[in-house]
């Protein structure tokens, strides 16, 4: 025997399942970025403690990054071959001046 057929939809069920499209012709749909920004604004309002934590984490990360940049710049300056050669030349010139009879007193 074939399986029993389901009962037909009632009119109310069909209406509740239908998507309402009346008055939507030519309406521009929201884009994903707009929806994302709206959701972020909503969450900022609903959960201000999350915003505070995120800002603190961002400030700590920014400070760490700035520290790394300073360290890198200092390391690059201390190992610059041109500056090292110039310092060596100055040191050698100072030694020569001292040996040539400049009075150190």
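In my numbering, the protein residues as written are 43 to 147.
Glycine is no exception: its CB is placed at the ideal position from the N, C-alpha and C atoms.
query, result
"Nearest-angstrom beta carbon gap, residue 86 and residue 93 [assumed within contact, 8 Å]", "5 Å"
"Collapsed DSSP secondary structure at residue 120 in the structure displayed", "helix"
"Sub-8 Å separation of residue 37 and residue 119 beta-carbons", "Look at the range of the chain in this structure, 43 to 147, and you will see that residue 37 is not part of it."
"Element boundaries [alpha helix (DSSP H), containing residue 67]", "Looking at the DSSP string, residue 67 is not in any alpha helix (DSSP H), and its letter there is neither H nor E."
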